[in-house]
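Below is one structure, written out as structure tokens, with a few remarks after it.
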DNA sequence: TCAAATCGTTCACTTAAGTTAAGAAACGAA
DNA sequence: TTCGTTTCTTAACTTAAGTGAACGATTTGA
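Protein chains in written order, with this note's numbering: chain B, 2 to 194; chain A, 2 to 194.
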């Protein structure tokens, strides 16, 4: 589990054993049960999440309907917009599977960054990289049809289609569950020919 | 023009007059004519852009068709994904209007960051903020219909609808130009009732 | 200035997604 | 295990976006 964390960090900075111990001593690992709500709409949270094992999702409730917009799995990090903007959260974060997460607090991060200035560098690199990746994802979403988006997902994150409920996948793809069912049937039909 | 830059920077860090002079002495302002291509697909660029006046856009060419995915206007910054990933660019950047830009090079930024460590802090804050903002934009795009997206744009960036060609706006909204025309006619029809 | 290209709109037609409803399958809690 | 809920799929119908084509209006450049 710790390996997952340190091989993630190693992508950005190199740590000494002392530094590794210091991080572990913060005791940030948390086991979270499937279905647990980590953040609710309207809350003022300062927590960021890193998925060591499992899957979490972000969703809105609009007109009483759940709209899932993102999934985070192993080796992925999430700092909710409300932490950055210091305003109440517009969305929910919940646990799709039993998961092990690293949950860090932004106040605590300020502290850690003072002790280990390296961390600031990592955070900068990480957020620049995530910004660029997300830009590409957004552009692909804009330029593709729902069917193309599904086929894309099948290529890039085939695990998600297995581990996540269809109705959550549907809104992640920007469509209704019924449309996803139909779209999958259509693809299957095509592949038979 | 310099005021635009310094009031932007002031949102993140405070600068002394000496620091301001140092920045100006780098001589990074560029006047760019409408239609100019700043970055081509396949190029390995290290340039980032900050719009002081005017408008630039990013677009792909897919199946021979132009797909515009983003616009950047006054007080907005753009670091292309290719600068971060150090791979050839997947898209084009071009000038929508005669513009005045600040164009900085990532090699040069490393230099500036060494002289003024403050800058690293600004870059981190900026990219974290942009990441959060873009996340919200992406989520709104996913959860809204084309018509809602257009009405949203009308609220949030009404200037864009005036200053940008319709066919570029259409792909920015994720639809075809004909659909945008139809959609606008539909809205007009509704408002008459 | 004039011809060519580009752009925005409209129309008729096709295709796919939204909506409403119903039933089967899977899941969870008592 | 069983009852009730949630989830997934299918179907019929509605609505909106994609497609191909045509038409002026504008812009561009030779």
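For glycine and all other residues, C-beta sits at the position ideal for the given N, C-alpha and C.
Is it the case that the CB of residue i approaches a heavy atom of the ligand ATP more closely than 7 Å?
i, result
"residue 169/A", "The ligand content of the structure shown is nil, which means the ligand ATP is not present either."
Flag residue i as yes if its beta-carbon sits less than 8 Å from any beta-carbon of chain A, otherwise no.
i, result
"residue 3/B", "no"
"residue 61/B", "yes"
"residue 12/B", "no"
"residue 137/B", "yes"
"residue 49/B", "no"
"residue 175/B", "yes"
"residue 82/B", "yes"
"residue 64/B", "no"
"residue 162/B", "no"
"residue 104/B", "no"
"residue 188/B", "no"
"residue 128/B", "yes"
Please name the residue in the options whose C-alpha comes closest to that of residue i.
i, options, result
"residue 186/B", "156/B, 168/B and 148/B", "148/B"
"residue 26/A", "3/A, 119/A, 145/A and 156/A", "3/A"
"residue 35/B", "177/B, 102/B and 158/B", "102/B"
"residue 133/A", "156/B, 144/B, 91/B and 115/B", "91/B"
"residue 83/B", "174/A, 63/A, 165/A and 136/A", "136/A"
"residue 181/A", "8/A, 80/A, 44/A and 152/A", "152/A"
"residue 166/A", "31/A, 56/A and 93/A", "56/A"
"residue 59/A", "178/B, 163/B, 159/B and 139/B", "139/B"
"residue 75/B", "183/B, 179/B, 8/B and 174/B", "8/B"
"residue 127/B", "51/B, 68/B, 37/B and 69/B", "51/B"
"residue 11/A", "183/A, 160/A, 158/A and 124/A", "124/A"
"residue 71/A", "44/A, 174/A, 156/A and 160/A", "174/A"
"residue 67/B", "164/B, 93/B and 31/B", "93/B"
"residue 100/A", "33/A, 179/A and 117/A", "33/A"
"residue 98/A", "154/A, 39/A, 105/A and 88/A", "39/A"
"residue 47/B", "157/B, 89/B, 146/B and 162/B", "89/B"
Is the Cβ of residue i closer than 8 Å to any Cβ of chain B?
i, result
"residue 143/A", "yes"
"residue 156/A", "no"
"residue 124/A", "yes"
"residue 152/A", "no"
"residue 120/A", "no"
"residue 68/A", "yes"
"residue 131/A", "yes"
"residue 248/A", "A query on residue 248/A cannot be resolved here, the shown segment of chain A reaching from 2 to 194 and no further."
"residue 85/A", "yes"
Alpha carbon to alpha carbon, how far is residue j from residue i? Give it in angstroms, no decimals.
i, j, result
"residue 113/A", "residue 24/A", "9 Å"
"residue 96/B", "residue 19/B", "32 Å"
"residue 65/B", "residue 107/B", "31 Å"
"residue 122/B", "residue 142/B", "30 Å"
"residue 168/B", "residue 150/A", "22 Å"
"residue 170/A", "residue 49/A", "23 Å"
"residue 144/A", "residue 29/A", "39 Å"
"residue 42/A", "residue 86/A", "14 Å"
"residue 176/A", "residue 119/B", "44 Å"
"residue 111/A", "residue 80/A", "14 Å"
"residue 77/A", "residue 77/B", "28 Å"
"residue 164/A", "residue 45/A", "30 Å"
"residue 69/A", "residue 159/A", "18 Å"
"residue 63/B", "residue 117/B", "41 Å"
"residue 104/A", "residue 31/A", "7 Å"
"residue 73/B", "residue 154/B", "14 Å"
"residue 109/A", "residue 162/B", "44 Å"
"residue 17/A", "residue 115/B", "24 Å"
"residue 13/B", "residue 5/B", "14 Å"
"residue 179/B", "residue 61/B", "19 Å"
"residue 156/B", "residue 37/B", "29 Å"
"residue 146/B", "residue 146/A", "13 Å"
According to the neighbour-count rule (16 or more other Cβ atoms, all chains shown, within 10 Å of its Cβ), is residue i buried or exposed?
i, result
"residue 172/A", "buried"
"residue 189/A", "exposed"
"residue 129/A", "buried"
"residue 191/A", "exposed"
"residue 22/A", "exposed"
"residue 53/B", "buried"
"residue 15/B", "exposed"
"residue 184/B", "buried"
"residue 131/A", "buried"
Which full runs of the beta strand (DSSP E) of 3+ residues lie inside the region 19-43 of chain B, going along the chain? 30-33 and 38-40
Sequence ranges, alpha helix (DSSP H) only - wholly within the region 97-143 of chain A, length at least 4: Entirely contained in the region 97-143 of chain A, the alpha helix (DSSP H) runs reaching 4 residues are, in chain order, 107-116.
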